[in-house]
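Numbering (the numbering used here), first residue to last: 64 to 592.
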């Protein structure tokens, strides 16, 4: 079975200029094991003073920008490009992976941001941990829609947290956190400290600090990952009742890969993780139909180092490669790799900037604004993108939502059905795409509909993507839903120069390449026409 990831999985959006070029993966057998060697890449934690020093303009320029001496649009080392890449699924995961579980964000005011995202995305509060529950270190609010869980966390004062920690919690000499000192009711996550969270927020703004993945056994996942070279963040810890095990290793930058397992993690669980208590749902709140996390994209300065590190610790496979030569334009380019678990439920695309184009790379802009690597965007799947986007736009018009990207030029929609086929989108659907600014691609088997938000904060960093995949076939061997998408026309003649500065040009170039080579994607919504 072949797999098509929406180009957004490999590409990103920003208010700033963009340059990209994309790459996906080489066989795991060619991966070299290596140890961590780049602080910006692997995300070592520092004190507030150290972080301030390392995040100076000079520090970011010297450690995180990775700008070559001469302009170049060449691929990252060892990337051969799309034409020479042959995708396989070697089923090489080092531990059993089920799906995304949650994403945690550090912010300045968790309660307010959680309320804002609930309104903006039609989510519900499901759990919280704060002073009222016995947590004197930070406030944390969990919101949910379908299987999507976002955790918004903000630290309390460092002095109050230090007093609360006396005699109850302290990191070990090597900076790791020990399970024997963990008491969920007073500190749900012992890897969090107020000092580190304050430093994280000052450095990155609102940003993902943890990508939670549901695995069969979090202790085994941790042991296998660390044995393969992963940088430990938090050793396995069990809840007092044994219903939950949590462990952490570094993902990239200051972001951790958090393994969770146990009965408390299953879908039937009434709330989140140990130490959190259930929250009251919003009264008369409407859902916008967001169902699951489709993929989560990271921006890094050096793709090859990060790819080798993550491949080696997880065993995840790569399924395509794109470079500037494959899909770049004179204005933009990037290199990108997508890593996937055996079941391809967990998709982790990685981007790095290329250089020498007319415009500054969006990836480089992200690295500067974010002060290093991090999560660029999260794709959220819906089964009714028209209803979802209509609700998001209505909420934004009322002053409580997220702003969506500017639509392409009118000519794009004038010929949309001619390009995709009149039996693919009805006149009403095409009209809805135009009125809502939704992009559409299709072939004989399926349709991909998608749109992006603008950055969710003041920095040109984190944003969301909303997607729907319609039409599918069932793989006879795996039972997985698949659908082919072929781009029938380039987007370039219709792009809005004020919007994304070349991002969509590259995006549609990539879809063109993917479609011509017959790649497919998972998790499609099976709706027979």
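Glycine residues also receive a C-beta, built at the ideal position from the N, C-alpha and C atoms.
{"Asked": "Buried or exposed (CB count within 10 angstroms, at least 16 for buried), residue 194", "Found": "exposed"}
{"Asked": "Whole-angstrom distance between residue 484 and residue 280, CA atom to CA atom", "Found": "47 Å"}
{"Asked": "Beta-carbon contacts of residue 283 that lie in its chain and below 7 Å, excluding the five residues immediately before and after", "Found": "158"}
{"Asked": "Residues that DSSP places opposite residue 398 in a beta bridge", "Found": "415"}
{"Asked": "Extent of the continuous beta strand (DSSP E) to which residue 188 belongs", "Found": "187-192"}
{"Asked": "Extent of the continuous alpha helix (DSSP H) run through residue 476", "Found": "473-477"}
{"Asked": "Three-way DSSP call (helix, strand, coil) for residue 371 in this model", "Found": "helix"}
{"Asked": "Nearest-angstrom Cα separation, counted from residue 497 out to residue 469", "Found": "11 Å"}
{"Asked": "Whether residue 214 touches residue 167 by CB criterion (8 Å)", "Found": "yes"}
{"Asked": "Segment contact, 8 Å Cβ cut-off, at least three pairs: the segment 469-481 with the segment 443-460", "Found": "no"}
{"Asked": "Residue 448, enclosing alpha helix (DSSP H) - first and last residue", "Found": "448-460"}
{"Asked": "Presumed contact (8 Å Cβ cut-off) between residue 258 and residue 221, rounded CB distance", "Found": "5 Å"}
{"Asked": "Member of 348, 204, 437 whose CA lies at the smallest distance from the CA of residue 315", "Found": "437"}
{"Asked": "Proximity winner among 413, 427, 228, relative to residue 419 (alpha-carbon distances)", "Found": "427"}
{"Asked": "Closest Cα partner of residue 372 within the set 295, 397, 186", "Found": "295"}
{"Asked": "Under the three-state DSSP convention, the category residue 308 falls into", "Found": "strand"}
{"Asked": "Under the three-state DSSP convention, the category residue 444 falls into", "Found": "strand"}
{"Asked": "Residues that residue 162 bridges to, as DSSP identifies them", "Found": "277"}
{"Asked": "Residue from 367, 308, 343, 375 whose Cα sits closest to the Cα of residue 400", "Found": "367"}
{"Asked": "Short Cβ contact (8 Å threshold) for residue 156 with residue 405", "Found": "yes"}
{"Asked": "Option nearest residue 176 by Cα separation, candidates 526, 489, 216", "Found": "216"}
{"Asked": "Rounded distance between the beta-carbons of residue 276 and residue 335, thought under 8 Å", "Found": "Between residue 276 and residue 335 the Cβ distance is about 15 Å, and since that is not below 8 Å, they are no contact."}
{"Asked": "Alpha-carbon to alpha-carbon, residue 346 and residue 327", "Found": "26 Å"}
{"Asked": "Nearest to residue 464 (by Cα), restricted to the options 153, 300, 179, 304", "Found": "179"}
{"Asked": "Given residue 525 as reference, the closest of 223, 260, 267 once Cα atoms are compared", "Found": "267"}
{"Asked": "For residue 461, the nearest candidate out of 183, 141, 424, 146 (CA to CA)", "Found": "183"}
{"Asked": "Helix, strand or coil at residue 594 according to DSSP, with G and I counted as helix", "Found": "Lying before the first or after the last residue shown, residue 594 is absent from the chain, which here runs from 64 to 592."}
{"Asked": "Backbone CA spacing between residue 502 and residue 512 [nearest angstrom]", "Found": "6 Å"}
{"Asked": "Contact check, residue 329 vs residue 440, beta carbons under 8 Å", "Found": "no"}
{"Asked": "Burial state of residue 343, where buried means 16 or more other Cβ atoms lie within 10 Å", "Found": "exposed"}
{"Asked": "Buried/exposed call for residue 211, threshold 16 Cβ in 10 Å", "Found": "buried"}
{"Asked": "Which of helix, strand or coil DSSP assigns to residue 495", "Found": "helix"}
{"Asked": "Residue 397 beta carbon less than 8 Å from that of residue 417", "Found": "yes"}
{"Asked": "Euclidean distance between Cα positions of residue 202 and residue 521", "Found": "22 Å"}
{"Asked": "Beta-carbon spacing of residue 160, residue 278 below 8 Å", "Found": "yes"}
{"Asked": "For residue 495 and residue 325, the rounded distance between their alpha carbons", "Found": "43 Å"}
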